[in-house]
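First the structure, in the form of structure tokens, and then the observations on it.
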Amino acid sequence: MIAIPPPLRLRLDSAALVANWRWLAAQSGPAACGAAIKADGYGLGAREVLAVLAAAGCRDFFVAHWSEAAALMPLPTGVALSVLHGVGESDMVAARLLPARPVLNSIEQVARWRAAGEGRPCDVMVDTGMNRLGLRVEEALGGALDGLAIDTLMSHLASADEDHDQNARQLAAFRAVRDAVPARRYSLANSAGICLGGEYAFDLTRPGIALYGGTPRTEAVGHIRQVAVPESRILQVRSVPAGESVGYGAVWTAPRDSRIAVANLGYADGYLRCHAGSGGATWRGRRLPLVGRVSMDLTAFDVSEAEGLGEGDWIAIDYDLAQTSAHTGLSQYELLTGLGARFARHWH
Ligand SMILES: *Cc1c(COP(=O)(O)O)cnc(C)c1O
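Rendered as structure tokens:
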């Protein structure tokens, strides 16, 4: 088989990724700063993200599944990997074989890990009010973790992206657990939690979205750089006379004689229909508004002002995460993790 490059690519800026990690590390104060790289590094490519951040000094990485951990082997020297979903019955083979720590999430998982007699340190998640994953605070305080060799004891904030009183409640609950349960390190903050201030940092922070260009709270505005820019090749440019419509449903009608470029990009690539109305692209500094509906594999842009743009040219899709999220109603997380497998990932 020969490798044929696809007509759409994701331009990935490793310098911006490192700059974002350094800013988050500085905001974490004396705490170490790790990286959540689950869901293939939020769609950017977990292997590359891990390599770039490990070279920059990041030592703690988090994935969701054991299959994600296996795909990252072998790990660079000095790098630790934690598996957030812990150990179900069917995970024990992987958990024994792979040099990664499970994040134990329930009494059942703690019992399973103890029974395996690995003796290696594990991580533990305590639920301080989100009611998603983790032992309950009463369980952690009631002796369920006695004698366990815990590397990192963590909890996760449910509302850190908002000024919500749940944040202070979770902080107080986590402090109570820290004071009672011995572990090598304690960890609470994700990207938004880092922005809440130093008291949330403990020994290790776990940013995800802000590494990849997301602004979780206003404190990060002006400090976080865009990392991922989708680019698409133009399939054809057509002249559309004033009064004719473009695309499904004829929802856009040319107000004047227009030049319309049809790009290799659509909802099958994760560029969803909600970009219609606000989406756009740029080419050589020219703004190219999206026109009509987004199709499965195709999207049209008005290139009347972009003299010289033609078949085969690459356009950069507007994808500032905060702004695109505000326009489309998709979260910054959905915007990244939804980008499909047809994009070639190009790191620079
Ligand atoms: C995904 C995740 C993170 C990272 O969260 P962001 O909001 O992307 O910074 C941190 N901790 C846990 C447990 C997670 O699941």
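Each residue of the sequence shown is one higher than the one before, counting from 2 in our numbering. Just so it is clear, CB atoms sit at the ideal spot from N, CA and C, and this is done for glycine as well. Computed from a predicted model, the values in this text were never measured in an experiment.
Subject >> Alpha carbon of residue 148 to alpha carbon of residue 111, nearest angstrom >> reply: By 1-based counting over the sequence shown, the position of residue 148 is 147. By 1-based counting over the sequence shown, the position of residue 111 is 110. Distance between the alpha carbons of residue 148 and residue 111 is about 11 Å.
Original post:
What residues come near ligand 1, if near means a beta carbon less than 5 Å from any of its heavy atoms?
Top reply: 37, 157, 191, 192, 207, 208, 209, 210
Original post:
For residue 199, which three-state DSSP category applies?
Top reply: The residue given as residue 199 occupies position 198 in the sequence shown. Residue state, collapsed to three classes: helix.
Original post:
What does residue 292 pair with, by DSSP beta-bridge criteria?
Top reply: On the sequence shown, position 291 is the one that residue 292 refers to. In DSSP, residue 292 forms a bridge with 301.
**OP:** Excluding the 5 residues preceding and the 5 following residue 33 in the sequence, name in chain order all residues of the same chain whose CB lies nearer than 6 Å to its CB.
**Re:** Indexing the sequence shown from 1 puts residue 33 at position 32. Only 205 meet the Cβ criterion.
**OP:** State yes or no: is the C-beta of residue 274 within less than 8 Å of the C-beta of residue 295?
**Re:** On the sequence shown, residue 274 is found 273 positions in, with the first residue counted as 1. On the sequence shown, residue 295 is found 294 positions in, with the first residue counted as 1. Yes, these two residues count as a Cβ contact at 8 Å.
Original post:
For the stretch 232-252 against the stretch 308-327, are there 3 or more C-beta pairs whose distance is under 8 Å?
Top reply: yes
Subject >> C-alpha gap between residue 50 and residue 38, whole angstroms >> reply: Position 49 of the sequence shown, counted from the first residue, corresponds to residue 50. Position 37 of the sequence shown, counted from the first residue, corresponds to residue 38. If I take the Cα positions, the gap works out to 7 Å.
Subject >> Integer Cβ distance of residue 25 from residue 161, believed to fall under 8 Å >> reply: Against the sequence shown, residue 25 aligns to sequence position 24. Against the sequence shown, residue 161 aligns to sequence position 160. Actually they do not touch by this definition, with Cβ atoms about 13 Å apart.
**OP:** Could you spell out where the beta strand (DSSP E) holding residue 52 opens and where it closes?
**Re:** Here residue 52 corresponds to residue number 51 of the sequence shown, with the count starting at 1. Note, residue 52: premise wrong, no beta strand (DSSP E); alpha helix (DSSP H) at 47-57.
**OP:** With residue 64 as the anchor, note down where its alpha helix (DSSP H) starts and where it stops.
**Re:** The sequence position of residue 64 within the sequence shown is 63, counting from 1. First-last for residue 64: 61-64, but that is the beta strand (DSSP E), not the alpha helix (DSSP H).
Subject >> Integer-rounded CB distance, given that residue 83 should sit under 8 Å from residue 153 >> reply: Sequence index remark: in the sequence shown, residue 153 carries index 152 (1-based). Sequence index remark: in the sequence shown, residue 83 carries index 82 (1-based). Yes, residue 153 and residue 83 are in contact; Cβ-Cβ is about 7 Å, under 8 Å.
**OP:** Using three-state DSSP, classify residue 104 as helix, strand or coil.
**Re:** Here residue 104 refers to the residue found at position 103 of the sequence shown. Three-state DSSP puts residue 104 in a strand.
Original post:
Can you list the alpha helix (DSSP H) stretches of 4 or more residues lying completely in the stretch 10-51, in chain order?
Top reply: 15-28, 39-43
**OP:** Tell me, please, whether the stretch 217-228 touches the stretch 189-198 by the rule of three or more beta-carbon pairs shorter than 8 Å.
**Re:** yes
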